[in-house]
Amino acid sequence: MTRALTARAAALALLASPLLVLTATAPADAAVTVFPVPTSNAGLGRITTAPDGSMWFLEEDANKVGRITTAGQVQEFALPPTDSSVEGPAQGMDVGPDGSVWVTTEHGENLTRLSATGALLNNWTFPNYDGCVGDSCPYGGEVRVDPTGTAWVTMNYGSSFIVKVTPSGTLTASDNSPECDDVLGDAADGSMWCQNGSPQAQDTITHVDADAASGTTYPLPSDASYPNALAAGPVGSIWFTRSWSGTFATSPSHGSVGYLDAATGAMQIWSTGSRSAPQDLVEGPDDQMWFTNAGAAPGIGHVSASGVGAVKIGRAH
Numbered sequence: 011m012t013r014a015l016t017a018r019a020a021a022l023a024l025l026a027s028p029l030l031v032l033t034a035t036a037p038a039d040a041a042v043t044v045f046p047v048p049t050s051n052a053g054l055g056r057i058t059t060a061p062d063g064s065m066w067f068l069e070e071d072a073n074k075v076g077r078i079t080t081a082g083q084v085q086e087f088a089l090p091p092t093d094s095s096v097e098g099p100a101q102g103m104d105v106g107p108d109g110s111v112w113v114t115t116e117h118g119e120n121l122t123r124l125s126a127t128g129a130l131l132n133n134w135t136f137p138n139y140d141g142c143v144g145d146s147c148p149y150g151g152e153v154r155v156d157p158t159g160t161a162w163v164t165m166n167y168g169s170s171f172i173v174k175v176t177p178s179g180t181l182t183a184s185d186n187s188p189e190c191d192d193v194l195g196d197a198a199d200g201s202m203w204c205q206n207g208s209p210q211a212q213d214t215i216t217h218v219d220a221d222a223a224s225g226t227t228y229p230l231p232s233d234a235s236y237p238n239a240l241a242a243g244p245v246g247s248i249w250f251t252r253s254w255s256g257t258f259a260t261s262p263s264h265g266s267v268g269y270l271d272a273a274t275g276a277m278q279i280w281s282t283g284s285r286s287a288p289q290d291l292v293e294g295p296d297d298q299m300w301f302t303n304a305g306a307a308p309g310i311g312h313v314s315a316s317g318v319g320a321v322k323i324g325r326a327h
């Protein structure tokens with residue numbers, strides 16, 4: 011049966027490793043302009059580019075989204091009120107080809123859609139899947155919008171699967187949907203990839219079929235934990251970041267960035283260093299992959315398709 015209705019560096023340094031070939035450093039005091047967000051302690055999350063060249067970002071704890079132009083003009087837009095005092099009611103965000111902004115809200119219970127100007131268009135509540143009760147329910151996490159304008163949402167807790175939502179509000183999910191945890195990315199061809207949500211297979215990534223009812227799963231080498239992010243890149247089928255998360259008393263021991271060629275199953279992975287923990291990543295206009303770096307020395311890193319790159323870090327915390 012089908013279920014109806016789912017990143018001013020204070021200094022620059024390079025994190026060397028045997029696998030990552032590093033370029034020359036940038037000037038020690040590279041100029042960086044910081045544009046403040048009006049809401050303090052907003053809990054900034056994902057940022058992505060809209061078709062008009064502006065950028066939208068998620069304010070997870072403030073229950074808002076923001077829009078910033080390259081000139082630094084910032085606007086904030088409130089999401090529908092939450093009935094919970096728990097932090098982080100806004101979960102995931104993406105911008106569609108028509109400029110509309112999709113957000114998983116109310117801790118994943120709802121899917122909210124805003125216009126390109128920030129006006130509320132829709133606020134749908136996900137159905138009660140499988141008669142679940144309380145925290146055993148699957149809730150929406152990450153959202154990505156494909157070239158047709160359809161949103162893909164990862165659903166998890168209790169069970170993990172994909173829900174597709176059209177701009178008109180038609181929600182569909184298949185009982186045969188691949189198990190997808192809250193790591194979702196779209197490839198250059200518009201197809202979706204996710205981290206496998208099965209407890210036994212979190213060191214794998216899945217290429218989800220167009221109907222979200224099946225997919226092909228690829229194992230990843232065990233050089234790090236399960237993927238932190240998935241994104242399109244200049245070569246291969248899909249790029250990913252990975253890292254050992256460390257403990258409450260220790261920093262991550264190392265991280266890596268790599269890509270998979272689905273046609274052959276071959277992978278290329280580069281270490282980003284012993285103090286790094288690559289998180290989100292995106293292909294830049296220079297055809298390099300840029301990623302946010304957590305861990306002992308937070309900052310921004312980049313790597314080319316040939317493995318040449320650097321990690322620009324700030325003060326260690």
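In terms of the working numbering, the sequence shown opens at residue 11 and continues consecutively. C-beta: ideal position from N, C-alpha, C; glycine also. Computed from a predicted structure; not experimentally measured.
Bridge-paired residues (DSSP) for residue i
| i | result |
| --- | --- |
| residue 149 | 166 |
| residue 85 | 77 |
| residue 69 | 54 and 74 |
| residue 114 | 102 and 121 |
| residue 253 | 265 |
| residue 303 | 288 and 309 |
| residue 241 | 249 |
| residue 155 | 161 |
| residue 59 | 65 |
Proximity below 8 Å, CB of residue i to CB of residue j
| i | j | result |
| --- | --- | --- |
| residue 109 | residue 126 | yes |
| residue 10 | residue 102 | What the structure shows of the chain is the stretch from 11 to 327, and residue 10 is not part of that stretch, so it cannot be assessed. |
| residue 104 | residue 155 | yes |
| residue 86 | residue 99 | no |
| residue 4 | residue 164 | Outside the shown range of the chain (11 to 327) lies residue 4, about which nothing can therefore be said. |
| residue 242 | residue 196 | yes |
| residue 294 | residue 300 | yes |
| residue 303 | residue 287 | yes |
| residue 213 | residue 201 | no |
| residue 106 | residue 112 | yes |
| residue 67 | residue 53 | no |
| residue 136 | residue 121 | yes |
| residue 283 | residue 264 | yes |
| residue 266 | residue 280 | yes |
| residue 216 | residue 203 | yes |
| residue 72 | residue 58 | no |
| residue 132 | residue 179 | yes |
| residue 251 | residue 291 | yes |
| residue 79 | residue 64 | yes |
Segment limits, beta strand (DSSP E) that includes residue i
| i | result |
| --- | --- |
| residue 290 | 286-293 |
| residue 309 | 309-313 |
| residue 52 | Per DSSP, residue 52 belongs to no beta strand (DSSP E) and is neither H nor E. |
| residue 278 | 276-283 |
| residue 134 | 130-135 |
| residue 45 | No beta strand (DSSP E) contains residue 45, which DSSP labels as neither H nor E. |
| residue 271 | 265-271 |
Proximity test, residue i beta-carbon vs the ligand COA heavy atom, cut-off 7 Å
| i | result |
| --- | --- |
| residue 97 | Among the ligands in the structure shown, none appear at all, so the ligand COA cannot be discussed. |
What are the complete beta strand (DSSP E) segments, minimum 3 residues, inside the region 158-236? Correct list: 161-166, 171-175, 181-183, 190-196, 202-206, 214-218 and 225-229.
Stretch pair the region 186-193 + the region 157-176: three plus CB contacts closer than 8 Å: yes
query: Would you call the region 220-228 and the region 238-246 touching, i.e. three or more CB-CB distances under 8 Å?
result: no
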